[in-house]
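Student:
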Amino acid sequence: MSDAKYQTIVEKYKKFVMPTYAPELLLERGEGSWVWDSTGNQYLDFATGISVCNLGHCHPAVTKATQEQAQTLVHVSNLYMNENQAVLAEKLVRHCFDGVAFFANSGAEANEGLIKFARKWGSDKGKSQIITMKDSFHGRTLATLAATGRSKYREGFAPDMPGFSQVPFNDYEALTAAVNDQTAAVMIEPVQGEGGILPADTEYLKKVRALCDEKNILLLFDEVQCGMGRTGYFFAFKGFGVEPDAVSLAKALGNGFPIGAFIVRRKYADTLSVGTHASTFGGTPLACATACAVIDTIHNENILANCVRMGHFFKVELEKMAEKYDFIKSVRCRGLMIGVQLDRNGAELLPSLLKHGMIALSAGEDVLRLMPALNLSEEEAETGLKILEKVFSEIAAQ
Ligand SMILES: Cc1ncc(COP(=O)(O)O)c(C=O)c1O
0 MSDAKYQTIV EKYKKFVMPT YAPELLLERG EGSWVWDSTG NQYLDFATGI
50 SVCNLGHCHP AVTKATQEQA QTLVHVSNLY MNENQAVLAE KLVRHCFDGV
100 AFFANSGAEA NEGLIKFARK WGSDKGKSQI ITMKDSFHGR TLATLAATGR
150 SKYREGFAPD MPGFSQVPFN DYEALTAAVN DQTAAVMIEP VQGEGGILPA
200 DTEYLKKVRA LCDEKNILLL FDEVQCGMGR TGYFFAFKGF GVEPDAVSLA
250 KALGNGFPIG AFIVRRKYAD TLSVGTHAST FGGTPLACAT ACAVIDTIHN
300 ENILANCVRM GHFFKVELEK MAEKYDFIKS VRCRGLMIGV QLDRNGAELL
350 PSLLKHGMIA LSAGEDVLRL MPALNLSEEE AETGLKILEK VFSEIAAQ
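Pasting the structure below:
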């Protein structure tokens, strides 16, 4: 693309796109772990659209499923059945726990569903309050913002939706002190993503599960970012051995095609009964065909095993770098959900990484967040580590 065309697009953005983001790079094409910009530069994508393109860009099996379905039936509304929705629900439930699924279009919408589910369940019990975690992130709609522990996202949007309170993550005593007769649910990301790749302590989660059982409180997991194989388990909670009462998914469920979902245990299957919740676009034949292909590909290509293997490789190599560079404070890995904690803001490193050919992310106040495709090859992992080493050595030389 010529510079003149690039400038025209920049101008159109300035004039016609609401400035809630401030992008500079114009991306044109993606294949596997790679993306290309408008000048033909190639980048190793360790952001994957924020843990969305877990199977890499334009995975052929997923693209084929989307294309074929787009020629058959795209949308009918949930006033009619479509086969793909039933098939997808079964596939998800078989990975999760015995239960039922509701389909939405995004993470925030899936979490809105979780919140409505909890309130509806608690409505005849005098329970409406939801306890969430400090530093959590649950979305940008008003209810999910109120649930979100990172208060900076709520600034300017007062009044907060009532019914939410936050306690420090991984602090069991603080949670027990906050629970009361009106508590309907506790909502947790098993691995906090935006907060800085912070995993829950297994013992903590087990105690939270027991507390919820004892006090008749629902345990809700937000797996929008950490689900769909990202941690090496299809659902992150499987890696902790703690089952929630309901769980949300989105992001990588469609590998880039918008789709979200939440699943509740079978004993709560009737809590949201006919007419109590809905979504025009939720669970279209097109979205569900795509998501079915994503799940089949995770099996057919042994994606979870690759994620565990590569995650271990990164952990070992990044820990070596942490020994060498004192500005690296810690390395946190759960599969290919990787956080490199620094003595500075993670975002400071992104321009140099880009210059050396890598797209990455920051998280929390001081974390460089790496979320490569789960099917990246050893060679791609090595290329990524070389780029990281280059950028780290440049910082050390400053
Ligand atoms: C854990 C978690 N929940 C919810 C969301 C919101 O998802 P969406 O942006 O699809 O609404 C995100 C997005 O980053 C997330 O990381």
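Positions 0 to 397 (numbering that gives the first Met the number 0) are the ones given, in order, by the sequence shown. Note that CB positions come from ideal geometry on N, CA and C, so glycine has one too.
Is the Cβ-Cβ distance between residue 254 and residue 58 less than 8 Å?
Tutor: Reading the sequence shown from its first residue, position 255 is the one you call residue 254. Reading the sequence shown from its first residue, position 59 is the one you call residue 58. Going by C-beta atoms, residue 254 is nearer than 8 Å to residue 58.
Student: Have a look at residue 349 and residue 359 and give me their C-alpha separation to the nearest angstrom.
Tutor: Within the sequence shown, residue 349 is the residue found at index 350, counting from 1. Within the sequence shown, residue 359 is the residue found at index 360, counting from 1. Each residue's Cα considered, the two are about 6 Å apart.
Student: Taking Cβ to Cβ, would you say residue 164 is nearer than 8 Å to residue 128?
Tutor: On the sequence shown, residue 164 is found 165 positions in, with the first residue counted as 1. On the sequence shown, residue 128 is found 129 positions in, with the first residue counted as 1. Taking 8 Å as the Cβ cut-off, residue 164 and residue 128 qualify as a contacting pair.
Student: State yes or no: is the C-beta of residue 310 nearer than 7 Å to some heavy atom of ligand 1?
Tutor: Within the sequence shown, residue 310 is the residue found at index 311, counting from 1. No; taking the cut-off as 7 Å, the Cβ of residue 310 has no heavy atom of ligand 1 nearer than that.
Student: Under DSSP, the beta strand (DSSP E) around residue 273 begins and ends at which residues?
Tutor: As a first step, residue 273 is located in the sequence shown; it is residue number 274 there, counting from the start. First-last for residue 273: undefined, no H or E at that position.
Student: Please check the pair residue 398 and residue 81, which I expect to be a contact at CB under 8 Å, by giving their CB distance rounded to whole angstroms.
Tutor: Not covered by the structure: residue 398. The range shown for the chain is 0 to 397.
Student: Taking residue 176 as the reference, which of 130, 380, 332 and 279 has the closest Cα?
Tutor: Counting from 1 along the sequence shown, the entry for residue 176 is found at position 177. If we check each option's Cα against that of residue 176, 130 comes out closest.
Student: Whole angstroms are fine: how far does the CA of residue 212 sit from the CA of residue 181?
Tutor: Numbered from its first residue, the sequence shown carries residue 181 at position 182. Numbered from its first residue, the sequence shown carries residue 212 at position 213. Approximately 15 Å between the Cα atoms of the pair.
Student: Since residue 227 and residue 187 should fall inside the 8 Å C-beta cutoff, what is the C-beta to C-beta distance between them, to a whole number of angstroms?
Tutor: Counting from 1 along the sequence shown, the entry for residue 227 is found at position 228. Counting from 1 along the sequence shown, the entry for residue 187 is found at position 188. That belief does not hold up - the Cβ atoms of residue 227 and residue 187 are roughly 17 Å apart, past 8 Å.
Student: Assuming residue 219 contacts residue 207 (C-beta within less than 8 Å), just tell me the rounded distance between them.
Tutor: Taking the sequence shown and counting its residues from 1, one reaches residue 219 at position 220. Taking the sequence shown and counting its residues from 1, one reaches residue 207 at position 208. About 11 Å separates the two Cβ atoms, so there is no contact after all.
Student: Just how far apart, CA to CA, sit residue 298 and residue 143?
Tutor: What you label residue 298 is simply residue 299 of the sequence shown in a count that begins at 1. What you label residue 143 is simply residue 144 of the sequence shown in a count that begins at 1. About 32 Å.
Student: Among the residues of its own chain, which have a CB less than 7 Å from the CB of residue 126, if the five just before and after it don't count?
Tutor: Working through the sequence shown from its first residue, we reach residue 126 at position 127. Within the same chain, residue 126 has close Cβ partners 181, 182 and 183.
Student: For the alpha helix (DSSP H) that residue 245 lies in, which residues bound it at each end?
Tutor: Start at 1 with the first residue of the sequence shown, and residue 245 comes out as number 246. Taken as a continuous stretch (DSSP letters only), residue 245 belongs to no alpha helix (DSSP H), being part of the beta strand (DSSP E) at 245 to 248.
Student: Indicate whether residue 261 and residue 247 have their beta-carbon atoms separated by less than 8 Å.
Tutor: Sequence index remark: in the sequence shown, residue 261 carries index 262 (1-based). Sequence index remark: in the sequence shown, residue 247 carries index 248 (1-based). Their beta carbons are under 8 Å apart, which means residue 261 touches residue 247 by this criterion.
Student: With a threshold of 7 Å, establish whether the CB of residue 388 neighbours any heavy atom of ligand 1.
Tutor: As a working note, residue 388 is residue 389 in the sequence shown. Outside the cutoff, so no.
Student: Compare the Cα-Cα distances from residue 380 to each of 314, 330, 341 and 328 and report the closest residue.
Tutor: Numbered from its first residue, the sequence shown carries residue 380 at position 381. If we check each option's Cα against that of residue 380, 314 comes out closest.
Student: Regarding residue 49 and ligand 1, is the C-beta to nearest heavy atom distance less than 7 Å?
Tutor: In the sequence shown, residue 49 corresponds to position 50, counting from 1. Correct: residue 49 has its Cβ closer than 7 Å to ligand 1.
Student: Quick check: what's the CA-CA separation for residue 78 versus residue 378?
Tutor: Locating residue 78 in the sequence shown gives position 79, counting from the first residue. Locating residue 378 in the sequence shown gives position 379, counting from the first residue. Residue 78 and residue 378: Cα-Cα distance of roughly 48 Å.
Student: Between the beta-carbon of residue 119 and the beta-carbon of residue 271, is there less than 8 Å?
Tutor: If you number the sequence shown from 1, residue 119 lands on position 120. If you number the sequence shown from 1, residue 271 lands on position 272. Yes, the pair counts as a contact, with Cβ atoms nearer than the cut-off.
Student: Taking just the CA atoms, how far does residue 137 sit from residue 194?
Tutor: If you number the sequence shown from 1, residue 194 lands on position 195. If you number the sequence shown from 1, residue 137 lands on position 138. The alpha-carbon atoms of residue 194 and residue 137 are separated by roughly 11 Å.
Student: On the criterion of 16 or more Cβ atoms from any shown chain inside 10 Å, does residue 66 qualify as buried, or is it exposed?
Tutor: Within the sequence shown, numbered from 1, the residue matching residue 66 stands at position 67. Answer is exposed; the Cβ neighbour count stays below 16.
Student: Tell me the DSSP bridge mates of residue 296?
Tutor: Within the sequence shown, residue 296 is the residue found at index 297, counting from 1. None; residue 296 has no bridge partner.
Student: Let me know the secondary structure DSSP gives residue 159 once reduced to three states.
Tutor: Sequence index remark: in the sequence shown, residue 159 carries index 160 (1-based). Coil, per DSSP.
Student: Touching or not, the region 31 to 50 and the region 353 to 373, by the rule of three or more beta carbon pairs under 8 Å?
Tutor: yes
Student: How about residue 165: is its Cβ closer than 7 Å to a heavy atom in ligand 1?
Tutor: Taking the sequence shown and counting its residues from 1, one reaches residue 165 at position 166. No, since every heavy atom of ligand 1 falls outside the 7 Å radius drawn around the Cβ of residue 165.
Student: Tell me the residue span of the beta strand (DSSP E) that contains residue 84.
Tutor: For this step, residue 84 is matched to residue 85 along the sequence shown. Where residue 84 is concerned, there is no enclosing beta strand (DSSP E), although the alpha helix (DSSP H) it sits in stretches over 82 to 94.
Student: Out of curiosity, what's the CA-to-CA distance linking residue 279 and residue 104?
Tutor: Looking up residue 279 in the sequence shown gives position 280. Looking up residue 104 in the sequence shown gives position 105. When only Cα atoms are considered, residue 279 and residue 104 end up about 9 Å apart.
Student: Please list the terminal residues of the continuous beta strand (DSSP E) segment that includes residue 261.
Tutor: Looking up residue 261 in the sequence shown gives position 262. Where residue 261 is concerned, the enclosing beta strand (DSSP E) stretches over 259 to 264.
Student: Please name the residue in 324, 68, 373 and 221 whose C-alpha comes closest to that of residue 301.
Tutor: For the purposes of this step, residue 301 is taken as residue 302 along the sequence shown, with counting starting at 1. Closest option to residue 301, Cα to Cα, is 373.
Student: Give me the Cα-Cα distance between residue 70 and residue 61, rounded to the nearest whole angstrom.
Tutor: The residue you call residue 70 lines up with position 71 of the sequence shown. The residue you call residue 61 lines up with position 62 of the sequence shown. Taking the straight line joining both Cα atoms gives about 15 Å.
Student: What are the start and end residues of the alpha helix (DSSP H) that includes residue 66?
Tutor: Sequence index remark: in the sequence shown, residue 66 carries index 67 (1-based). Segment 59 to 69, the alpha helix (DSSP H) holding residue 66.
Student: Quick one: is the Cβ of residue 249 within less than 7 Å of any heavy atom of ligand 1?
Tutor: Counting from one through the sequence shown, the residue named residue 249 turns up at place 250. Within the cutoff, so yes.
Student: Tell me, to the nearest whole angstrom, how far the beta carbon of residue 25 is from that of residue 8; I am working on the premise that it is less than 8 Å.
Tutor: By one-based count along the sequence shown, residue 25 stands at place 26. By one-based count along the sequence shown, residue 8 stands at place 9. Between residue 8 and residue 25 the Cβ distance is about 6 Å, and since that is below 8 Å, they are a contact.
Student: So the beta strand (DSSP E) residue 42 belongs to, where does it begin and stop?
Tutor: On the sequence shown, position 43 is the one that residue 42 refers to. That run of the beta strand (DSSP E) goes 41 to 44.
Student: Which two residues bound the contiguous beta strand (DSSP E) that contains residue 332?
Tutor: For this step, residue 332 is matched to residue 333 along the sequence shown. 327 to 333 is the span of the beta strand (DSSP E), which, as asked, contains residue 332.
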